[in-house]
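What follows is one structure encoded as structure tokens, with my remarks underneath.
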Amino acid sequence: MMPARILNSKGKKAPDTLEKYNITVKRTQKLLEEKVIDPASVGKSIDNFRPKPELSLEECVNILTQNDNNEESTANDYNKNNDFHTDDYNFSTTKGIITAKINDKYVIDDLYKFLSEKEEFNVGTTVSFQKLVEGENIVIYNVHEIEKDWELHIEKDSLVTSRIIISKVIERNGREIFLDKDNIKFNLDSVSSEFVPLVGDWIELEVKCEVDKNTLDLSGKVIDIIKIAPLKPHISNGQITYWDANRKTGHINRSIFFNQDSLSCGYIPVVNDKVVAEVIESDQGSYRLRAVKLIPERMKRKIDKEKSRTKVKHFKESHEGLDISCSNVEFTKLGESKEIIVTLTNSSEVTLKLLDVQLGEEYTQLYENEKHVPQDINPQEKIDLSYQCTAKSIGLSNELLLFKFEDFVIGKCINIEVKLPIQYRNQSYINPKVNLNNMLTTNHTVIRGQNEQTIRFKAKNLPDYGIPKKLLNLVITNGNTNNNLVFLEELKNMKKCIFNILSYLNYEDRFHTLLHLDEIANLIHLRQYDQERACFIRNGEFLMLEIENLAERRPSIVLGDKIHALDPSNKATQIFEGNVYKVGAKHVYLKFSEYFHETYNDEDYSIKVVAGRSSYKRQHHAVFLAARHLGRHWLFPSKIDEKQCQTEFWYETYMKNISNGRKKKNAAELKALIELARKNKELEETNKNIRSVQTIALYHLWTSWNRKNRSRILVTAPSNSAADLLALRLIDSGILKPGDLVRLVSVNYATGENIPSQLIPYCATGSIAREGTIANNISSLNGMRLDCSSSVLGRHRITVSTCSSSGIMHMMDFPKGHFTHIFVDEAGQAGEPEVLIPLTFLDKHNGQAVLAGDPMQLGPIVISKVAQNCGLTESLLERLLDKFPYVRDTQSFPDTEGFDPRLVTKLLYNYRSVSPILNLFSSLFYNGELISTISEEDSKTSGLLQSLSSMLPRTKAGKIPSVVFHGVKGQNFQTPDSPSWYNPHEAAQIFFYINQLYKNGVKAEDIGIITPYTKQVREIRQMIRQADFDVPKVGTVEDFQGQEFEVVLLSTVRSGQEFVVRDLEHGLGFVTSPKRLNVAISRPKSLLMVVGFPQVLGQDVHWRAVINYCIDKGAYVGCPLNNF
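Per full-length UniProt numbering, residue 1 is the first one in the sequence shown, and the count goes up by one each step.
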């Protein structure tokens, strides 16, 4: 029978013998460590408390109770202080002796290391210091030399607690922040922060301070500042009421201060602009609020469309005694208008007072014919409300009307459908009716295509990361669109995380869901290419399938996709699967099984496109690994954690220590190193990724000479073309030895025809088979190595790959930390999950990652509109640059464009555009900091402009302009076979300028024509071909990213306000797309000519700045501005 438990005087259970013994041992050890009790006096006291068989339970309790009642016990004092809710910290002021100096750190009593930035100490110096013990971590504060004897008696023990204090910034000196409370100061490098404070800001500080029983709240001296945050941050809508372009300061609603650093996305404010601001409390002269970040309201609406819509939920669908009726509306063409009558019937016995009627959508097809409210609806009475509806979007949409009464709000959806005329239906190459059920898996037997190697034992299997069935059914039922409020509400109920701010807690769930939504949207889009009957065309080893208007990237058919062919005459037969090997303008090249190729005899087959999932699976797995391998502080940094250099290289020391023989041996490498360093300082290349190549080469050379820190470098980029360029330039650098570099490619890319011939010997594909389970036979394809094992690929010092293709190394079971350095070039063009694929190979404790790119260039292609607006298009580079400690801080780093040089390097010199063009996009998107290296007087550019003087206007200064805006008030058209738009008036003006350029000797290869719509691309090409001219490069903005031309012509297409609304809704065109605009206007070297309608484009704040730039310079021609 177990003995009864004894209760202490407070009514709590007394610890049993073993528990009491452990408590006493811990307390005694603590007292010994703090030198509160003499070790000699303790003797074998711990052994006295050791439970022995001959002692009864009562005797043990008596012994331990005596120790508990010892009034001089520091342990008891500690328990009493726990009533103040202190953390389990031990803080003391004591003294010691400097026993060593290691690099820039000192050691006290051979135990405690600390870094001193202000004072220097000699070994043997007696110092006073404060010590904070938190678990296993010991932090040293306030180390000072003891000079007087009376200073020897300074030892003191106290307790530390955490608390929040509020204070105001009264002074800044670089990174040093001075507050108005108790002379507190701190360095931004030593705290965790959510923003960069300015003088006048009120901030919350999470601090550790001593417990002082003499104060009312027990707070004593502040020991350490852990974290700072702005006071009362909130979002505020308002209007620009003042802006000083010279001082770069202004205010919103006459109450909120902002400055140049508050502006984002290239926004140039104008009085009366409606804006959305992130506001904090701050004393700025007569203002008590400061805007930390400021964006135009229209852009805010586009970015947070779903979030704002989900807030429209405080209404009900019906109310007892009230009936709201309206018939559905159908249109047969865009632009058609009809009157809609909404009838409200009050069948109750009370009068209902209608206060207001609101449109639930920010951009709607409905307009009030007259003001209807306020209005009373008497019992048994009905009223009619008249609205005008203008068709603006093809397809079905739901318009929400909100009827606000005194005590309730009723929501009524009106269905509006714009149908294509019957004579146009089924004429498109795209299937007009998409059967979403085709997305579901069939029960037919699938006969795989050629080169489908089955591997029984894989090195590592990735999880499938399949689309959740509930999410798929939700999208199929409601549609993956921004217009469907029901869909957005149900999606929010199912996956609320995608509508919340990104955090470490929702990181995985949010990105998994967004990737699933994008994959579903891609599947839906590919269903449009399904065909009921189609035949194949023999072409050598391939069978070709004709599908017009294909592209090289999503959302089209791409390499890695598959085509399922089913005999329509026999639904029970097998499905033949063909692998897509090549994508042309109108054909896909396929390889089915050898049996299918041999027996195919021009029969018709039912065609279904099956999207490849490898890219999505790798992104899902990267998100999964990032949350575990990289962790919270890496993904969401808020504090600088500076580490020592892994490799130090001093040229003079190196040359003194090496032998003469080795000097001769390394002469070539040394020459290459000096040349690379020189180019790093005096950059002369036009393409900015040469800087990435030089950095990689320098890392490789330096670590090659220091054999203790041999590097293994993974170099990635979002596209194969960018990865090929990096590999070629590394090879051309002259510092690599045979076997140093491998270009890792996918099987699909290896079997294509796009790999540069000089790169083929360096290319290899990986094998996911477990080593030893298959014959280790590395085959060759035109000099390329196929099916290399991890041991073969892992030998190379530099591995170059696309971000997605690097994911195969996860399947090959490459360990975390295999690569010491990871570079991601053009990181602004890839989504965060894609960039995480290579970064998850990083050992966060010892490895280094470098992201290179332009956050103001176009980001990744995301098909799902919901995923776009919920953040999947934002790159990791862009997200980090908007957060502390990477965010701009011009007061701390005035000489490096506001960026901490330890973390961010901004390239300033531009080697492409002349000053007038550069100044335009530099002022809009780069804070006006870019520097042109092209002379306007004696360069090739100046000669080209002089040759075009007859076709160009003159600026107010009498010069030939490099930027011209030609106003054209044209018309927008849309054909039934394409959702895209074209403007024949603008196309004709572009053709006129092409003709003039050719007459003045400009060649086709020096001209680029950019337009946001593929239909306009075809219209311009057709005009040029009909004139039998050489066709220059014509394409959308995405086709021009990373390219440059002497002359760029820009056709904006849009000439009607009603269609700009649709562009805002669907993210088309240039309007409210600053990144697309930036890419377009930064492509030309010598001349930029924009053709568009200023009254429409001027509604966008960025286009407004472009048009005003041309007006101010005297470089506007064309239609009247009409008080623009």
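The beta-carbon is built from N, C-alpha and C at its ideal position, and this holds for glycine as well.
These numbers were taken from a predicted model, which means no experiment stands behind them.
Asked: Identity of the residue in 589, 1010 and 1042 nearest residue 828 by Cα; Found: 1042
Asked: Three-state secondary structure assigned by DSSP to residue 124; Found: coil
Asked: Counted within 10 angstroms of its Cβ, other Cβ atoms place residue 748 as buried (16 or more) or exposed; Found: buried
Asked: Identity of the residue in 347, 471 and 589 nearest residue 450 by Cα; Found: 589
Asked: Exposure label - residue 602; buried when at least 16 CB within 10 Å; Found: exposed
Asked: Which of helix, strand or coil DSSP assigns to residue 373; Found: coil
Asked: Start and end residues, alpha helix (DSSP H) containing residue 1094; Found: 1094-1097
Asked: Cα-Cα separation, residue 936 to residue 987; Found: 30 Å
Asked: Residue 184 beta carbon less than 8 Å from that of residue 162; Found: no
Asked: Sequence ranges, alpha helix (DSSP H) only - wholly within the stretch 707-773, length at least 4; Found: 720-732 and 747-750
Asked: Proximity to residue 144 [Cα-Cα], best of 238, 857 and 131; Found: 131
Asked: Nearest neighbour of residue 581, chosen from 753, 863, 866 and 1076 [CA to CA]; Found: 753
Asked: Where residue 163 sits in the DSSP three-state scheme; Found: strand
Asked: C-beta atoms of residue 202 and residue 281 nearer than 8 Å; Found: yes
Asked: Alpha-carbon to alpha-carbon, residue 726 and residue 544; Found: 33 Å
Asked: Exposure label - residue 957; buried when at least 16 CB within 10 Å; Found: exposed
Asked: Identity of the residue in 939, 186, 1075 and 1088 nearest residue 990 by Cα; Found: 1088
Asked: Residue closest to residue 848, alpha-carbon to alpha-carbon, out of 857, 818 and 875; Found: 818
Asked: Residue 842 versus residue 495: straight-line alpha-carbon distance, rounded; Found: 30 Å
Asked: Own chain residues within Cβ distance below 6 Å of residue 460, not counting five before or after; Found: 811 and 813
Asked: Coarse secondary structure for residue 802, derived from DSSP in three states; Found: strand
Asked: Where the alpha helix (DSSP H) through residue 234 begins and ends; Found: Not the alpha helix (DSSP H): residue 234 falls in the beta strand (DSSP E), residues 234-244.
Asked: Three-way DSSP call (helix, strand, coil) for residue 101 in this model; Found: strand
Asked: Cβ pair count under 8 Å reaching 3, the stretch 283-291 against the stretch 257-264; Found: yes
Asked: Proximity below 8 Å, CB of residue 95 to CB of residue 127; Found: yes
Asked: Whole-angstrom distance between residue 486 and residue 1192, CA atom to CA atom; Found: Lying outside 1 to 1124, the shown extent of the chain, residue 1192 is not represented and no answer is given.
Asked: Inter-residue CB distance, residue 355 and residue 366 (contact presumed, cutoff 8 Å); Found: So it is not a contact: roughly 19 Å between Cβ atoms.
Asked: Continuous beta strand (DSSP E) stretch holding residue 967: start and end; Found: 963-967
Asked: Minimum C-alpha distance to residue 227 - residue among 245, 244, 194 and 852; Found: 194
Asked: Proximity of residue 1053 and residue 968 at Cβ, strictly below 8 Å; Found: no
Asked: Those residues which DSSP pairs with residue 1076 across a bridge; Found: For residue 1076, which the question treats as bridged, DSSP gives no partner whatsoever.
Asked: Endpoints, the beta strand (DSSP E) within which residue 291 is located; Found: 287-296
Asked: Selection from 825, 799 and 838 that minimises the alpha carbon distance to residue 816; Found: 838
Asked: Whole-Å CB distance - residue 994 paired with residue 960, under 8 Å assumed; Found: Going by Cβ atoms, the distance from residue 994 to residue 960 rounds to 19 Å, so no, they are not a contact pair.
Asked: Residue from 763, 1099, 490 and 510 whose Cα sits closest to the Cα of residue 497; Found: 510
Asked: Sub-8 Å separation of residue 784 and residue 830 beta-carbons; Found: no
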